[in-house]
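In this note's numbering, the protein residues as written are 1 to 142.
Don't be surprised by glycine CBs; every beta carbon is placed ideally from N, CA and C.
None of these values were measured; they are calculated from a predicted model.
Reviewing the structure listed below.
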Amino acid sequence: MWGANAVLLSACSLVAYQPTQTIDRVRKDEGYRLEQSIQRSNQDNTLVIMMFSGGGTRAAALAYGVLAAFNDYPMMLNGRRTTLTASSDVVFGVSGGSVLAAYYAMYGEQVIPRFEERFLKQNFQRLMFKQALSFSNMPRLA
Numbered sequence: 001m002w003g004a005n006a007v008l009l010s011a012c013s014l015v016a017y018q019p020t021q022t023i024d025r026v027r028k029d030e031g032y033r034l035e036q037s038i039q040r041s042n043q044d045n046t047l048v049i050m051m052f053s054g055g056g057t058r059a060a061a062l063a064y065g066v067l068a069a070f071n072d073y074p075m076m077l078n079g080r081r082t083t084l085t086a087s088s089d090v091v092f093g094v095s096g097g098s099v100l101a102a103y104y105a106m107y108g109e110q111v112i113p114r115f116e117e118r119f120l121k122q123n124f125q126r127l128m129f130k131q132a133l134s135f136s137n138m139p140r141l142a
């Protein structure tokens, strides 16, 4: 018994504090800049910016509904038929809205069927509970 406890406690010594590096200067020609995104993506005379607010899964669900409506809204742009979703140039998100923003950045217009199944309909409380009680996860929780 003492041996097993000693092994479990020794796993705690493997965790080391790693401080975050500080930012000592900001270069405007590097990183994510709104001006650069607009110049690269805005080939037409329209600018569509989508911003999704926070509020957890409910915010993501609301943003998803808006995005689905944008996808169903047809419009003419430079003589071709398109949607607001397809015409978006920039997407931002905070908290729950950032999950949808990341999904949209990864999958584009294909986010509509995927996001509902892979995020909105998930039981995260059950998944967290199962992971917390998983034996393989115990060393990370210690």
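Taking a cut-off of 8 Å on C-beta distances, the segment 64–76 does not touch the segment 21–33, as fewer than three cross pairs fall below it. Counting along the chain, G56 sits inside the alpha helix (DSSP H) bounded by residues G56 to D72. In the structure shown, the three-state DSSP call for M51 is strand. Cβ-Cβ distances below 6 Å link L120 to A61 in the same chain, with the five nearest sequence neighbours on each side left out; the list follows chain order. Look at V91 here: in three-state DSSP terms it is strand.
Given a length threshold of 4 residues, each whole run of the alpha helix (DSSP H) inside the segment 75–127 is given here in chain order: 96–107 and 111–115. Take the alpha-carbon of T82 and the one of S88: they are about 11 Å apart. Residues A63, G93, G97, L100 and A101 of the same chain have their beta carbon placed closer than 6 Å to that of F52, with the five preceding and five following residues left out of the count. With a cutoff of 8 Å on beta-carbon distance, A86 and E109 are scored as near each other. Within the same chain, and ignoring the five residues on either side of F115 in sequence, the residues whose Cβ sits closer than 7 Å to its Cβ are Y64, L100 and Y103. Rounded to whole angstroms, the gap between the alpha carbons of Y32 and V90 is 11 Å.
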